[in-house]
């Protein structure tokens, strides 16, 4: 088989690093999102199974067929939106699954019709970035608030993160997580009895649809996923010099999410950060063989999905402060990038700032969460300030 002929140690290593970095940097947020909907341990395990299978197949199969690196991941900002909105609205798993399916249907629609660029162009990049920053900033705040109950743990993790960011920036999150686990284990804070070595068993949850879940969960999940995951993912693909059938792959992620949503797959999309790992020269000196790195990544995701029960058990064994701290520290870069993008243009700065503050406030109006109201408030502010206004003439 040509794949094994093209595969190299560097390509497989790149795939492994992509899984390690992508998984450890955001799995805690997915775990929190599931808990926000009162998921049982069995249901959380099912989430890991569905997401691992979805990401794995959507990365592995297209990469092998196209012989180009195709990297699909779960929506980290989408998980953050769900974790926040789920707590605010008091939604259950059935509501969440219904929202996942609506989001998947919208994703499939924009993929099939090719409306992706046109639909997302309706929302200014600054507003979408402010929405993302507002949602993620809560996790950053929680990371440092955890110091109130676990100061030594948080300080060890923060110190490790800062040191690793200087010396080994690509592996900063991985090292921070390992330091946190080591400290928790030495100090007797790990609940190892929660770890069960068994295969994941998918748990079906029948969907339930409601207007409040549509507005508070499905639409923010769709907007954030498309704007904050698919757009930068496409940018990485093009910057790496690859030409991929973007609309077809988006359709694939939508259909896969739709099929796996009852088992916990909330949103699949193009990867950005981990895609850069597998599409860069470090993966393979021959760019035509870098697809093997993405395929290796997909295969590893499938393995992780199969052993989802182990992942769930390990997360349950971790102290709550460790999970919160690693999530917040892993999102520092995303928060900073979101704020930078939101505030970079002066004429849109105030509208973006309103979006950020409303989203960060956690306000709930008529049962609808702050992510939606942040976009509404920012869009209204932008309309009032900029509608029919002529751009200022340039000085000679």
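Numbering (the working numbering), first residue to last: 1 to 396. Ideal Cβ placement from N, Cα and C applies to all residues, glycine included.
Problem - residue 179 and residue 197 closer than 8 Å at C-beta - result: no
Practice task
Report back the beta-carbon spacing between residue 301 and residue 78 to the nearest angstrom; my notes put them in contact at under 8 Å.
Solution key: Not quite, the Cβ-Cβ distance comes to about 17 Å (not below 8 Å), so this is no contact.
Problem - Cα-Cα separation between residue 48 and residue 380, rounded to whole angstroms - result: 38 Å
Practice task
Using only alpha-carbon positions, find the residue among 377, 353, 91 that is nearest to residue 217.
Solution key: 91
Problem - Cross-strand partners of residue 72 (DSSP beta bridge) - result: 270
Practice task
Compare the C-alpha of residue 341 against each of 229, 17, 125, 88 and name the closest.
Solution key: 125
Exercise for the section: Consult DSSP for residue 169 and reduce its assignment to one of helix, strand or coil. Expected result: Helix, per DSSP.
Handout entry: Through-space distance from residue 190 to residue 171, alpha-carbon basis
Key = 23 Å
Practice task
Alpha carbon to alpha carbon, how far is residue 173 from residue 436? Give it in angstroms, no decimals.
Solution key: Nothing about residue 436 can be reported from this structure: the residues present for the chain run from 1 to 396 only.
Exercise for the section: Note down the Cα distance separating residue 3 from residue 21, rounded to an integer number of angstroms. Expected result: Computed Cα separation, rounded: 24 Å.
Practice task
Return the chain-ordered ranges of every beta strand (DSSP E) run that is complete within the segment 7-42 and spans a minimum of 3 residues.
Solution key: Taking only runs of at least 3 residues, no beta strand (DSSP E) segment lies wholly in the segment 7-42.
Handout entry: Whole-number beta carbon distance between residue 14 and residue 276, since they are thought to touch under 8 Å
Key = Actually they are not in contact, since the Cβ atoms of residue 276 and residue 14 sit about 10 Å apart, beyond 8 Å.
Exercise for the section: Work out the CA separation of residue 329 and residue 6 for me, nearest whole Å. Expected result: If you draw a straight line from the Cα of residue 6 to the Cα of residue 329, it comes to about 37 Å.
Problem - Buried versus exposed, by CB contacts within 10 Å (16 or more), residue 153 - result: buried
Problem - Distance between residue 242 and residue 249 (C-alpha atoms, nearest Å) - result: 14 Å
Problem - Classification of residue 19 by the beta-carbon crowding that lies within 10 angstroms, buried from 16 upward - result: buried
Exercise for the section: Tell me whether residue 394 is buried or exposed, calling it buried when 16 or more other Cβ atoms sit within 10 Å of its Cβ. Expected result: Residue confidence for residue 394 is low, a pLDDT of 44 falling below 50, so the modelled location carries little weight; the figure read from the coordinates is stated next. Exposed: under 16 other Cβ atoms inside 10 Å.
Practice task
Would you check if the segment 255-267 and the segment 51-68 touch, i.e. whether three or more CB-CB distances between them fall below 8 Å?
Solution key: yes
Problem - Straight-line gap, residue 16 to residue 132 (C-alpha atoms, nearest Å) - result: Their backbone Cα atoms lie some 27 Å apart in a straight line.
Handout entry: Start-to-end residues for the alpha helix (DSSP H) that takes in residue 343
Key = 332-343
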